[in-house]
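Asks: Protein chains in written order, with the numbering used here: chain A, 8 to 153; chain B, 64 to 817; chain C, 56 to 311.
Cβ coordinates follow ideal geometry from the N, Cα and C atoms, glycine included.
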Amino acid sequence: MPELALTVNGESRTVDAPVGTSLAQLLREHLGLTGTKIACDEGHCGACTVQIDGVPRLSCITLAHMVDGDVTTIEGLREHPLIDAFVRADAVQCGFCTPGQVVSAAALVAANPQPTADEIRHHMAGNICRCGTYPRIEEAILKWQG
Amino acid sequence: MARLIRTEKEVEGRFEEIWLVIEEDPLQQWPAGPRDVVGRPATRQDGPQRVRGEAAYTSDLQLPGMLHTAILRSPFAHARVNRIDFAAALALPGVRGALGPGEATGLDEEAGYVGAPVAAVAADTFAQARAALDAIAVDWEELEAVLDPHEAVAREIFTAPPTRYERGDFERALAEADVVVEGTYRTSVVLHNSMETHQAVCEWVGDTLNVYISTQYIWGIRAEIAEALEMPADKVRVVCEFMGGGFGAKNGAGEYTFAAAELARRTGRPVRCALTRREENAAAGNRNATIQKLTVGARSDGTIVAFGGEFVNAVGWSGWSTMTEGPMKMLYACDNVRTVRYGAKINTPPMKAFRAPGFVEGTFGLECLVDELAAKLELDPLELRRLNYAESNDGTPYSSKGLAACYDLAQKHWDRRDEVRARSGSTWKHGVGMASQIWFGGGGPPSYAWTRVGSDGRVAVVTAMQDIGTGTRTVMAQICAEELGVPLDRVEVVLGDSARGPYATLSAGSSTVPSVGPAVRAAAADAKRQIVEIAAQRYDLEERVLDIRGGVIVSADGNLSVPLEELLGVLGDAQILGKGARGPNPTGMSVNTFGVQVAEVAVDIETGEVRVVRVAAVHDVGRIINPLGARSQVEGGIIQGVGHSLSEQRLLDPKTGRVLTTTLESYRMPTIADVPEIVCEFVDLPDEHLTSLGSKGLGEPPIVPTAAAIANAIRDATGADVHELPITREEMLRALREAEQRANAGAKETVAAR
Amino acid sequence: MHGGTEVVPLLRDGILEGDTLVDVRGIVPRGVDGARVGAGTTLAELAASEDVPEALREACRLAASPQLRTMSSVGGNLLQSTRCWYWRLKYPCRLHGGDVCHAREGEHREHAIFANDFCASAHPSDVAAALLALGARLRTNRRELPLEELYRLPDEGDRTTTALAPGELILELELPPADASVYLKAMDRQRWAFPQVGVAVARSGGEVRIALAGVAPVPWLLDGPGGLDSATPLPRTAWKVEVARALVRRALERVA
Numbered sequence: 008m009p010e011l012a013l014t015v016n017g018e019s020r021t022v023d024a025p026v027g028t029s030l031a032q033l034l035r036e037h038l039g040l041t042g043t044k045i046a047c048d049e050g051h052c053g054a055c056t057v058q059i060d061g062v063p064r065l066s067c068i069t070l071a072h073m074v075d076g077d078v079t080t081i082e083g084l085r086e087h088p089l090i091d092a093f094v095r096a097d098a099v100q101c102g103f104c105t106p107g108q109v110v111s112a113a114a115l116v117a118a119n120p121q122p123t124a125d126e127i128r129h130h131m132a133g134n135i136c137r138c139g140t141y142p143r144i145e146e147a148i149l150k151w152q153g
Numbered sequence: 064m065a066r067l068i069r070t071e072k073e074v075e076g077r078f079e080e081i082w083l084v085i086e087e088d089p090l091q092q093w094p095a096g097p098r099d100v101v102g103r104p105a106t107r108q109d110g111p112q113r114v115r116g117e118a119a120y121t122s123d124l125q126l127p128g129m130l131h132t133a134i135l136r137s138p139f140a141h142a143r144v145n146r147i148d149f150a151a152a153l154a155l156p157g158v159r160g161a162l163g164p165g166e167a168t169g170l171d172e173e174a175g176y177v178g179a180p181v182a183a184v185a186a187d188t189f190a191q192a193r194a195a196l197d198a199i200a201v202d203w204e205e206l207e208a209v210l211d212p213h214e215a216v217a218r219e220i221f222t223a224p225p226t227r228y229e230r231g232d233f234e235r236a237l238a239e240a241d242v243v244v245e246g247t248y249r250t251s252v253v254l255h256n257s258m259e260t261h262q263a264v265c266e267w268v269g270d271t272l273n274v275y276i277s278t279q280y281i282w283g284i285r286a287e288i289a290e291a292l293e294m295p296a297d298k299v300r301v302v303c304e305f306m307g308g309g310f311g312a313k314n315g316a317g318e319y320t321f322a323a324a325e326l327a328r329r330t331g332r333p334v335r336c337a338l339t340r341r342e343e344n345a346a347a348g349n350r351n352a353t354i355q356k357l358t359v360g361a362r363s364d365g366t367i368v369a370f371g372g373e374f375v376n377a378v379g380w381s382g383w384s385t386m387t388e389g390p391m392k393m394l395y396a397c398d399n400v401r402t403v404r405y406g407a408k409i410n411t412p413p414m415k416a417f418r419a420p421g422f423v424e425g426t427f428g429l430e431c432l433v434d435e436l437a438a439k440l441e442l443d444p445l446e447l448r449r450l451n452y453a454e455s456n457d458g459t460p461y462s463s464k465g466l467a468a469c470y471d472l473a474q475k476h477w478d479r480r481d482e483v484r485a486r487s488g489s490t491w492k493h494g495v496g497m498a499s500q501i502w503f504g505g506g507g508p509p510s511y512a513w514t515r516v517g518s519d520g521r522v523a524v525v526t527a528m529q530d531i532g533t534g535t536r537t538v539m540a541q542i543c544a545e546e547l548g549v550p551l552d553r554v555e556v557v558l559g560d561s562a563r564g565p566y567a568t569l570s571a572g573s574s575t576v577p578s579v580g581p582a583v584r585a586a587a588a589d590a591k592r593q594i595v596e597i598a599a600q601r602y603d604l605e606e607r608v609l610d611i612r613g614g615v616i617v618s619a620d621g622n623l624s625v626p627l628e629e630l631l632g633v634l635g636d637a638q639i640l641g642k643g644a645r646g647p648n649p650t651g652m653s654v655n656t657f658g659v660q661v662a663e664v665a666v667d668i669e670t671g672e673v674r675v676v677r678v679a680a681v682h683d684v685g686r687i688i689n690p691l692g693a694r695s696q697v698e699g700g701i702i703q704g705v706g707h708s709l710s711e712q713r714l715l716d717p718k719t720g721r722v723l724t725t726t727l728e729s730y731r732m733p734t735i736a737d738v739p740e741i742v743c744e745f746v747d748l749p750d751e752h753l754t755s756l757g758s759k760g761l762g763e764p765p766i767v768p769t770a771a772a773i774a775n776a777i778r779d780a781t782g783a784d785v786h787e788l789p790i791t792r793e794e795m796l797r798a799l800r801e802a803e804q805r806a807n808a809g810a811k812e813t814v815a816a817r
Numbered sequence: 056m057h058g059g060t061e062v063v064p065l066l067r068d069g070i071l072e073g074d075t076l077v078d079v080r081g082i083v084p085r086g087v088d089g090a091r092v093g094a095g096t097t098l099a100e101l102a103a104s105e106d107v108p109e110a111l112r113e114a115c116r117l118a119a120s121p122q123l124r125t126m127s128s129v130g131g132n133l134l135q136s137t138r139c140w141y142w143r144l145k146y147p148c149r150l151h152g153g154d155v156c157h158a159r160e161g162e163h164r165e166h167a168i169f170a171n172d173f174c175a176s177a178h179p180s181d182v183a184a185a186l187l188a189l190g191a192r193l194r195t196n197r198r199e200l201p202l203e204e205l206y207r208l209p210d211e212g213d214r215t216t217t218a219l220a221p222g223e224l225i226l227e228l229e230l231p232p233a234d235a236s237v238y239l240k241a242m243d244r245q246r247w248a249f250p251q252v253g254v255a256v257a258r259s260g261g262e263v264r265i266a267l268a269g270v271a272p273v274p275w276l277l278d279g280p281g282g283l284d285s286a287t288p289l290p291r292t293a294w295k296v297e298v299a300r301a302l303v304r305r306a307l308e309r310v311a
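#1: Could you tell me whether the Cβ of residue 154(C) comes closer than 7 Å to any Cβ of chain B?
#2: Identify which residue in 687(B), 648(B), 739(B) and 285(B) has its Cα closest to the Cα of residue 78(B).
#3: Which bits of chain B does residue 85(A) rub up against, with CB to CB less than 7 Å?
#4: Alpha carbon to alpha carbon, what distance is there between residue 89(B) and residue 624(B)?
#5: Closest to residue 94(C) by CA distance: which of 62(C), 134(C), 117(C) and 73(C) is it?
#6: Using Cβ-Cβ distances below 7 Å, what residues of the region 729–743 of chain B are close to chain C?
#7: Which residue wins for smallest C-alpha separation from residue 402(B), given the options 413(B), 388(B), 415(B) and 411(B)?
#8: Going by beta carbon distance, what residues of the same chain come within less than 7 Å of residue 621(B), once the five residues before and after it are set aside?
#9: Measuring CA to CA, which of 466(B), 493(B) and 613(B) is closest to residue 479(B)?
#10: On the criterion of 16 or more Cβ atoms from any shown chain inside 10 Å, does residue 32(A) qualify as buried, or is it exposed?
#11: In chain order, what residues of the same chain have a beta carbon less than 6 Å from the beta carbon of residue 81(C), not counting five sequence neighbours either side?
#12: If I follow the unbroken beta strand (DSSP E) through residue 356(B), where does it start and stop?
#13: What is the DSSP secondary structure of residue 26(A), reduced to helix, strand or coil?
#14: Looking at chain B, which residues of the region 96–119 of chain A have a Cβ within less than 7 Å of any of its Cβ atoms?
#15: With a threshold of 7 Å between beta carbons, is residue 412(B) in contact with chain C?
#16: Does the beta-carbon of residue 317(C) have 16 or more other beta-carbons within 10 angstroms, so that it is buried, or is it exposed?
#17: Starting from residue 320(B) and walking both ways along the alpha helix (DSSP H), at which residues does that stretch end?
#18: Going along the chain, which residues of its own chain have a beta-carbon closer than 7 Å to the beta-carbon of residue 270(C), five neighbours each way excluded?
So, in structure tokens, the structure goes:
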């Protein structure tokens with residue numbers, strides 16, 4: 008089984024995993040980082056969003072052996088001010104999509120610290136929320152203090 | 064002293080009679096208005112956990128040696144498994160066990176729809192289990208399949224006998240009406256598609272079965288499993304602290320749970336059975352399609368004198384036939400109502416309860432019909448609703464009804480019509496529409512809670528309820544903190560485990576706050592009473608002069624002020640344990656929730672694009688405990704309503720009955736870019752007859768009127784009548800063309816008449 | 056494989072099969088250099104680039120989801136398969152080598168209004184329509200060709216919709232200059248949906264090219280706005296003709 012070296016949340020990790028393992032599977036099952044959720048497993052819902060070199064990607068359709076940068080998961084963002092902003096805005100209901108929302112939002116505000124409502128809607132459109140927390144998410148990103 | 068009574072319980076519009084034990088004296092409701100904690104916005108206790116990804120869902124659970132299950136599903140709309148052979152499958156690498164039809168509840172020999180579960184295989188990895196499915200040899204016998212609900216009705220293939228209802232004399236009243244409006248309305252199949260799929264992990268520990276499951280009803284799962292496996296219920300432990308959405312689809316155990324339990328028993332290993340997203344779309348339940356032929360008759364002054372409806376619920380292979388005619392029977396004062404409802408049994412995936420089942424569909428038809436009546440009568444639609452206000456539920460008084468207050472609060476949103484219409488240009492037309500709603504949501508007994516106060520003055524509310532994302536955990540903490548008199552951050556809620564805590568009702572049917580809330584308050588009151596008794600003895604004062612405020616025991620004259628932990632500190636390891644139970648609902652009263660939504664839309668009349676620009680929602684659900692969480696419920700319900708209205712539709716291949724929209728790319732739910740501006744208001748007056756809280760449930764009401772409000776706004780903007788959900792571009796263009804033809808015919812008539 | 060957004064799901068569904076995955080990220084050029092666009096450039100990069108024509112930028116901006124845009128290469132996007140649910144569910148349809156188009160007799164509301172007799176699938180690429188209108192040329196490791204020659208209608212003898220030879224890779228796009236261009240998209244929700252009808256129009260001097268997404272098994276060059284008169288819609292795709300007419304008219308007004 009090929010050995011794989013990755014940097015995840017600033018730490019070097021080495022894992023044995025068969026080729027074909029998705030990054031999401033690797034994170035959740037091999038590295039115990041279950042904050043990243045799998046909801047559709049085919050790149051349609053955004054729940055599995057992680058950052059690779061700061062860019063939001065879908066880890067469920069990213070092959071672990073093709074990862075070409077530093078991976079940031081929700082675990083690596085636990086001190087990010089967006090966490091508090093989401094809680095205060097009540098931007099969470101069942102919470103299953105929320106880690107992916109935060110990862111996408113963190114990437115957005117890193118490039119654009121004060122996005123407009125239209126920019127938020129455009130850049131967060133790949134994170135589906137069935138509970139409908141969208142207005143709260145928009146408020147969280149508009150009001151975050153970073 | 065325990066008293067045994069017989070009382071009525073309602074869940075999602077279905078009523079049953081139950082026995083109930085009542086123990087303590089009822090508490091007085093708090094006066095209306097925000098209190099120290101109740102009625103004030105509170106962020107979720109478990110918010111940081113969920114947001115940080117630290118909440119453990121069933122899908123995150125990994126137990127040592129855990130196996131993974133794949134389910135074999137019927138490729139035919141109707142078939143029987145005559146023979147099944149697992150030999151080749153069991154020989155594949157990693158495969159540890161297999162179940163055929165009849166070997167677990169939910170795996171059936173007769174498959175009634177494409178996707179019906181017939182067998183299950185467990186293996187070391189999910190990929191191995193999936194591969195093994197192809198190696199199972201099955202002799203299928205194809206049977207006749209009925210896919211068309213009209214055919215089922217014609218042939219009388221029903222899930223239950225037709226439901227007929229009549230009050231007054233519909234025929235006569237209709238004949239005497241000045242104006243009659245008729246219409247056929249259709250709603251499509253929509254899917255719950257919670258973000259966490261249906262799944263369970265089962266593990267036997269000795270003769271106890273641990274079931275970790277994504278569910279809305281911990282205790283219900285316990286009972287179902289115990290009955291199916293013929294075990295004592297207390298040998299089944301059901302755990303669900305965090306779950307990724309339900310909306311009614313996760314009220315029961317499902318084949319995945321039973322299969323996992325049986326495979327775990329046979330292999331001696333923990334077993335996970337999780338549906339894939341494709342299975343979720345194909346076979347995990349749905350809001351069934353409806354066809355509604357509706358009639359309304361009114362006098363020219365706007366008094367509705369007759370309502371009639373023929374309702375066809377395309378239920379599917381199994382499930383129940385929801386009360387689609389409910390709004391027609393209940394929303395308005397009308398003496399003459401006649402309805403018939405058919406539950407068509409067809410070879411399609413069975414329905415499951417979905418957020419206000421039947422009433423979303425029925426309100427769409429009814430409120431569009433009533434709006435068309437308003438147009439024909441040339442009356443203001445809101446005035447027409449007010450004119451036909453029902454003061455009672457066909458003679459039974461309401462425990463409380465704030466619909467008039469909702470109309471009053473909605474007036475200012477309704478008054479925006481001219482301003483909104485003025486934005487119309489040559490391609491984009493703007494309009495405003497409204498719809499009102501009635502639903503249930505009074506909850507009911509039984510439910511229980513314990514309050515545990517430690518010597519450090521910290522409080523735990525313990526009840527085996529579930530918080531499915533509605534924020535009920537925080538609501539319970541607020542209720543306890545308010546009753547006990549301690550700061551909110553001293554209260555922790557322990558939930559989600561049937562082995563830890565007493566029975567709590569399911570989180571569906573808008574039940575949790577009105578059912579568990581009063582039990583929590585009663586438990587807190589019990590603990591408080593004990594603390595006051597102790598304080599009275601310790602400080603040699605009368606109980607009636609003592610109170611707890613802000614975590615401090617105080618006397619009425621202000622001389623005593625002792626922090627709770629100081630009094631209780633002397634207890635050491637001993638604890639104060641309070642218990643509480645949900646009492647009965649008021650007898651002889653109809654307990655309902657009400658609301659109005661006003662939608663503003665923009666329609667591109669050349670391309671058929673519909674945008675929902677703004678929705679103002681006013682809801683009456685009794686006293687609001689947490690205004691922050693309550694607003695989130697309203698927004699979430701409206702957004703699901705927008706999805707139902709515009710882009711969500713489960714499609715079947717008409718030849719084979721196979722679901723075609725199996726992905727989240729083809730089944731389109733709203734994104735953040737599809738969300739209108741949402742303005743949310745509550746009447747927020749306690750229902751003085753309902754429990755010690757006066758609170759009703761809010762989970763369902765917000766989704767009920769949204770589709771109708773949107774359709775009515777479209778008519779206001781364009782003159783076009785949409786009679787079908789979802790309002791696709793195809794449907795919108797059809798309706799626009801029809802409106803144009805009507806207008807031209809009208810113009811020709813006028814010309815001809817001159 | 057480049058971004059893998061198409062290949063990974065198709066492999067998992069068993070529609071694509073292979074023993075070896077070849078990562079071409081190291082050999083396919085990436086980036087915008089004047090009129091040349093590396094096939095490995097992502098849609099997100101193109102959407103943010105000031106140097107590409109408006110139609111291409113807008114097509115990229117409105118395509119897919121933000122995450123997919125960061126992962127998808129423009130070359131891969133051109134080669135993506137139809138979203139036809141019958142095809143994706145592996146019905147033995149014409150594209151899978153069978154002898155029937157299940158969509159024609161079944162659910163086809165998202166399907167084609169042109170060239171739909173043999174196969175009624177719709178091509179889902181916004182970007183292909185924009186590039187077609189812009190008159191883009193491709194350079195592969197074997198040859199150069201105009202974009203329209205990348206595509207072919209499936210027929211009895213050959214069920215493929217693209218004309219790359221085995222071992223042939225798209226390396227680069229070349230964009231002729233355009234005076235004005237625009238991309239208008241009708242989709243089922245405000246974001247993250249494939250085109251129901253996508254209209255790309257580009258004007259160079261007096262010449263105007265119109266290309267449509269979502270209306271035929273391949274990206275469709277329209278022979279002037281009147282080209283819609285020869286549409287052959289199915290019973291449930293007639294509405295697309297109406298939408299296309301409106302968007303074509305608006306797009307032409309925008310580039311005039």
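Replies: Reading it off the structure:
#1: If you number the third sequence from 1, residue 154(C) lands on position 99. With 7 Å as the cut-off, residue 154(C) does not count as an interface residue toward chain B.
#2: Start at 1 with the first residue of the second sequence, and residue 78(B) comes out as number 15. Of the listed residues, the one whose Cα sits closest to residue 78(B) is 648(B).
#3: Reading the first sequence from its first residue, position 78 is the one you call residue 85(A). In chain order: 115.
#4: Along the second sequence, read from residue 1 onward, the residue named residue 624(B) stands at position 561. Along the second sequence, read from residue 1 onward, the residue named residue 89(B) stands at position 26. Computed Cα separation, rounded: 28 Å.
#5: Here residue 94(C) refers to the residue found at position 39 of the third sequence. Minimum Cα distance to residue 94(C) is reached at 134(C).
#6: 729, 731, 733, 734, 736 and 737
#7: In the second sequence, the residue the question calls residue 402(B) occupies position 339. Nearest C-alpha to residue 402(B): 388(B).
#8: Taking the second sequence and counting its residues from 1, one reaches residue 621(B) at position 558. Result list for residue 621(B): empty, nothing under 7 Å.
#9: For the purposes of this step, residue 479(B) is taken as residue 416 along the second sequence, with counting starting at 1. Checked all of 466(B), 493(B) and 613(B); the closest Cα to residue 479(B) is 493(B).
#10: If you number the first sequence from 1, residue 32(A) lands on position 25. By the 10 Å Cβ count, residue 32(A) comes out buried.
#11: Numbered from its first residue, the third sequence carries residue 81(C) at position 26. Here the set comprises nothing.
#12: Mapped onto the second sequence, residue 356(B) falls at position 293. Counting along the chain, the beta strand (DSSP E) containing residue 356(B) begins and ends at 352–361.
#13: By one-based count along the first sequence, residue 26(A) stands at place 19. In this structure, residue 26(A) counts as coil in the three-state DSSP scheme.
#14: 97, 99, 100, 101, 102, 103, 104, 105, 106 and 109
#15: Against the second sequence, residue 412(B) aligns to sequence position 349. No, its Cβ sits nowhere closer than 7 Å to a Cβ of chain C.
#16: Past the edges of chain C, shown from 56 to 311, lies residue 317(C), and the structure says nothing about it.
#17: What you label residue 320(B) is simply residue 257 of the second sequence in a count that begins at 1. Residues 317–330.
#18: On the third sequence, residue 270(C) is found 215 positions in, with the first residue counted as 1. These residues qualify, in order along the chain: 167, 168, 169, 177, 252, 295 and 299.
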